[in-house]
Amino acid sequence: MYIHPENQDLYLPWADRVFRVDPYPWYDILRTEKPVYLMDNGEYVLTRYEDVLKWLKHPLGTMHPGQGPWHAFDNTVLNRDGAEHLKLRRHSNKWFTPKLVNQFAQRTATLANEALDKYSDGSVLDAFHELGVVPTHSTMCEVLGVPDDDAGLIYRHFLTCTDALSPDIGKEDQDKAQSSFDYLFERCDYFFKFKRENPNAWPKGLVDDLIELIDQGELGYRSALETTVLFYGSGSPNPAQVLASILNHMAREQWIWETYRDEPDQRIAIINEFIRLYPAEMSLVRFVSEEVEVGDFTVPKGSPLRLMVGAANRDPAMFTNPHQFDHKRPPEATMHLSFGIGPHACAGQLISRTQIKTILDAIATKATRIEIGGEAALAHTDRVRGYLSLPLKVY
Ligand code: HEM
Numbered sequence: 039m040y041i042h043p044e045n046q047d048l049y050l051p052w053a054d055r056v057f058r059v060d061p062y063p064w065y066d067i068l069r070t071e072k073p074v075y076l077m078d079n080g081e082y083v084l085t086r087y088e089d090v091l092k093w094l095k096h097p098l099g100t101m102h103p104g105q106g107p108w109h110a111f112d113n114t115v116l117n118r119d120g121a122e123h124l125k126l127r128r129h130s131n132k133w134f135t136p137k138l139v140n141q142f143a144q145r146t147a148t149l150a151n152e153a154l155d156k157y158s159d160g161s162v163l164d165a166f167h168e169l170g171v172v173p174t175h176s177t178m179c180e181v182l183g184v185p186d187d188d189a190g191l192i193y194r195h196f197l198t199c200t201d202a203l204s205p206d207i208g209k210e211d212q213d214k215a216q217s218s219f220d221y222l223f224e225r226c227d228y229f230f231k232f233k234r235e236n237p238n239a240w241p242k243g244l245v246d247d248l249i250e251l252i253d254q255g256e257l258g259y260r261s262a263l264e265t266t267v268l269f270y271g272s273g274s275p276n277p278a279q280v281l282a283s284i285l286n287h288m289a290r291e292q293w294i295w296e297t298y299r300d301e302p303d304q305r306i307a308i309i310n311e312f313i314r315l316y317p318a319e320m321s322l323v324r325f326v327s328e329e330v331e332v333g334d335f336t337v338p339k340g341s342p343l344r345l346m347v348g349a350a351n352r353d354p355a356m357f358t359n360p361h362q363f364d365h366k367r368p369p370e371a372t373m374h375l376s377f378g379i380g381p382h383a384c385a386g387q388l389i390s391r392t393q394i395k396t397i398l399d400a401i402a403t404k405a406t407r408i409e410i411g412g413e414a415a416l417a418h419t420d421r422v423r424g425y426l427s428l429p430l431k432v433y
């Protein structure tokens, strides 16, 4: 959506290109001057770590009434709270145990290695697509028990859906997001129909479990379908975006790459620090279920709080030298909020961390050096650290 520069919010110029790529200077000012900031659209924006943490966990901070086309997920974990949320969450959690995740990550490793074998001579590969989107999408398809074709297309559709979570969403973005939702729903509906008619044609997965729950009267079809779309769509975007941010940074700061390559015991800390610096989702929204006091404001029931994860993760009150990469922070200063926290904390956290490490380990095994191979095509919005491509040379 185009907003004339004169009409932009001074503290949060959401549509400004410079802001979208590097919003941190604005976040720093806002956190200091107006840590609770009421925008013209009625959202209360919170930037301090302690406030974001508090409201992600707060029982009065709910996911209802939800945002625009994202009502598509009203019958999933994402838009439910309380007992219903817990029940839905149990259905999928059993597919993401450490044991299963390690098993699924073998697919990630195979595909990352195949890509690296084609390019390890220093030719340029699109690391975002070939090392990020393809292996992670394919792995999620294995979890679901569905075919893994069209990774790039599914990524772009889900990215378009996430545009509808932006604070400056316009009618055009809403319509585009709706079309992408329609596409993903149609595709997943086909998966259910195909599996019913050909029960043994594809490997079993989470979708088969959902079909069983429907047959037992435990789950409605709509809820099963929405859940499938949620996992099918989320399989690649966030992990691939975080991976791209990591590679983009490491290729420019060789010492980090060399540490990753040569000191395996530092790898988990390095990945965690990058996830703090580059959260895939820069803000999350909660709606207050009662009138509450937030900072100097009396916030009416039903109002949205926009919780700025990107700003909280770089709050100097929590992280010393917050804009610096430092994988040796003390344990109490590594608790970033990139995966959310509280009841709605990311259900894909373990599989994402495992996949990111699996892919970086594959590079570290095959390559001695990585270099930037050209300009990355960024699809950063005010809300996501999106990528379209990341040219990389691997030697
Ligand atoms: C690096 C990768 C990822 C990041 C940074 C990330 C981030 C997040 C965040 C911040 C939330 C919290 C939303 C909120 O509180 O409003 C969330 C929730 C969620 N994520 Fe992820 N995500 C990632 C990967 C994935 C993957 C691969 C999946 C698929 C398995 C996934 C599935 C979910 C689901 C289902 C929820 C909702 C959980 C609930 O409401 O109970 N995520 N994610």
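Following the numbering used here, the numbering of the sequence shown begins with 39 at its first residue and continues without gaps. Glycine is no exception: its CB is placed at the ideal position from the N, C-alpha and C atoms. Just so we're clear, the structure is a prediction, and the values are computed from it rather than from any experiment.
Can you list, in chain order, the residues of its chain whose CB lies under 8 Å from that of residue 40, leaving out five sequence neighbours each side?
-> Here the question's residue 40 lines up with position 2 in the sequence shown. Any reading at residue 40 must be qualified, since the residue scores a pLDDT of 45, below 50, and its modelled position is unreliable; the value itself is stated next. These residues qualify, in order along the chain: 53.
Please determine, among 260, 152 and 267, the residue with the shortest C-alpha to C-alpha distance to residue 400.
-> Within the sequence shown, numbered from 1, the residue matching residue 400 stands at position 362. Looking from the CA of residue 400, the closest CA among 260, 152 and 267 belongs to 152.
Rounded to a whole number of angstroms, what is the C-alpha to C-alpha distance between residue 374 and residue 236?
-> Along the sequence shown, one-based indexing puts residue 374 at 336. Along the sequence shown, one-based indexing puts residue 236 at 198. Approximately 44 Å between the Cα atoms of the pair.
Entirely enclosed beta strand (DSSP E) segments - the segment 153 to 217, minimum 3 residues | If we require 3 residues or more, the beta strand (DSSP E) runs fully inside the segment 153 to 217 come out as 162 to 164.
Looking at the structure shown, is residue 51 part of a helix, part of a strand, or coil, going by DSSP?
-> The count along the sequence shown starts at 1 and reaches residue 51 at position 13. The answer is coil: DSSP assigns residue 51 none of H, G, I, E or B.
Cutoff 8 Å; reference residue 337; Cβ partners in own chain excluding five residues on either side | The residue labelled residue 337 in the question sits at position 299 within the sequence shown. Its chain contains 82, 326, 329, 330, 331 and 343 as the residues whose beta carbon lies nearer than 8 Å to that of residue 337, once the 5 sequence neighbours on both sides are disregarded; these appear in chain order.
Ignore the nearest five residues each way along the sequence and tell me which others in residue 147's own chain have a CB closer than 7 Å to its CB.
-> Counting from 1 along the sequence shown, the entry for residue 147 is found at position 109. Answer for residue 147: 396 and 400, listed in chain order.
Could you name the residues of the same chain whose beta carbon sits closer than 6 Å to that of residue 262, not counting the 5 residues immediately before and after it, in chain order?
-> Taking the first residue of the sequence shown as position 1, residue 262 is located at position 224. Taking C-beta separations shorter than 6 Å and ignoring five residues to either side along the sequence, the partners of residue 262 in its chain run 248 and 252, following chain order.
Distance between beta carbons of residue 127 and residue 385, contact taken as under 8 Å | The residue given as residue 385 occupies position 347 in the sequence shown. The residue given as residue 127 occupies position 89 in the sequence shown. With a Cβ gap of about 7 Å, residue 385 and residue 127 count as contacting.
Is residue 354 near ligand 1, in the sense that its beta carbon is under 7 Å from a heavy atom of that ligand?
-> In the sequence shown, residue 354 corresponds to position 316, counting from 1. Relative to ligand 1, residue 354 has its C-beta separated by 7 Å or more from all heavy atoms.
Below 8 Å CB to CB, which residues in the same chain sit around residue 158 once its five sequence neighbours on both sides are set aside?
-> Position 120 of the sequence shown, counted from the start, is the residue given in the question as residue 158. Within the same chain, residue 158 has close Cβ partners 404, 405, 432 and 433.
How about residue 279 and residue 365: do their beta carbons lie closer than 8 Å?
-> Within the sequence shown, numbered from 1, the residue matching residue 279 stands at position 241. Within the sequence shown, numbered from 1, the residue matching residue 365 stands at position 327. For residue 279 and residue 365, no; Cβs fall outside 8 Å.
Alpha carbon to alpha carbon, what distance is there between residue 317 and residue 377?
-> Reading the sequence shown from its first residue, position 339 is the one you call residue 377. Reading the sequence shown from its first residue, position 279 is the one you call residue 317. Cα-Cα distance, rounded: 8 Å.
Between the C-alpha atoms of residue 354 and residue 150, what's the straight-line distance to the nearest angstrom?
-> Taking the sequence shown and counting its residues from 1, the one referred to as residue 354 is at position 316. Taking the sequence shown and counting its residues from 1, the one referred to as residue 150 is at position 112. Their backbone Cα atoms lie some 36 Å apart in a straight line.
Look at residue 420 and residue 145 and say whether their C-beta atoms are less than 8 Å apart.
-> To locate residue 420, count along the sequence shown from 1; it is residue 382. To locate residue 145, count along the sequence shown from 1; it is residue 107. In terms of Cβ geometry, residue 420 and residue 145 do not form a close pair [threshold 8 Å].
Pull up the distance between the alpha-carbon of residue 88 and that of residue 80, whole angstroms please.
-> What you label residue 88 is simply residue 50 of the sequence shown in a count that begins at 1. What you label residue 80 is simply residue 42 of the sequence shown in a count that begins at 1. Counting only the Cα atoms, residue 80 lies some 22 Å from residue 88.
Would the beta-carbon of residue 317 be found less than 7 Å away from any heavy atom of ligand 1?
-> In the sequence shown, counting from the first residue as 1, residue 317 sits at position 279. Residue 317 Cβ: within cutoff of ligand 1.
Residues near residue 179 by beta carbon distance below 6 Å, same chain, minus five either side = As a first step, residue 179 must be located in the sequence shown, where it is residue number 141. Taking residue 179 as the centre and dropping the five residues before and after it, the same chain places the C-beta of 186 closer than 6 Å to its C-beta, in chain order.
Would you report the Cα separation of residue 220 and residue 213, rounded to the nearest angstrom?
-> Residue numbering aside, residue 220 sits at position 182 when the sequence shown is read from its first letter. Residue numbering aside, residue 213 sits at position 175 when the sequence shown is read from its first letter. Going by the C-alpha atoms only, they are around 10 Å apart.
Examine the Cβ distances between the segment 407 to 415 and the segment 261 to 275 and report whether three or more of them are shorter than 8 Å.
-> Taking 8 Å as the limit for Cβ pairs, the verdict is that the segment 261 to 275 does not touch the segment 407 to 415.
Bridge partners - residue 100, DSSP secondary structure assignment | Here residue 100 refers to the residue found at position 62 when the sequence shown is read from its first residue. DSSP output for residue 100 lists 325 as bridge partner(s).
Terminal residues of the beta strand (DSSP E) in which residue 431 lies = Counting from 1 along the sequence shown, the entry for residue 431 is found at position 393. Where residue 431 is concerned, the enclosing beta strand (DSSP E) stretches over 429 to 432.
Among 313, 238 and 50, nearest to residue 84 - alpha-carbon criterion = Residue 84 sits at position 46 when you count from the first residue of the sequence shown. Checked all of 313, 238 and 50; the closest Cα to residue 84 is 50.
Selection from 306, 291 and 335 that minimises the alpha carbon distance to residue 362 | The residue you call residue 362 lines up with position 324 of the sequence shown. Distance check between residue 362 and each of 306, 291 and 335 places 291 closest, using alpha-carbon atoms only.
Separation of residue 286 from residue 313, as counted between CA atoms = The sequence position of residue 313 within the sequence shown is 275, counting from 1. The sequence position of residue 286 within the sequence shown is 248, counting from 1. Approximately 13 Å, taken between the alpha carbons.
Comparing alpha-carbon positions, which option in 194, 211, 141 and 246 lies nearest residue 202?
-> Working through the sequence shown from its first residue, we reach residue 202 at position 164. Scanning 194, 211, 141 and 246 for the CA closest to the CA of residue 202 turns up 211.
Is residue 40 helix, strand or coil when you go by DSSP?
-> Here residue 40 is taken as the residue at index 2 of the sequence shown, counted from 1. Any reading at residue 40 needs caution, since the residue's pLDDT is 45, under 50, leaving its predicted position unreliable; the model's value is listed next. The DSSP-derived three-state label of residue 40 is coil.
Exposed unless 16 or more other CB atoms sit within 10 angstroms - verdict on residue 141 = Against the sequence shown, residue 141 aligns to sequence position 103. Flag for residue 141 reads exposed.
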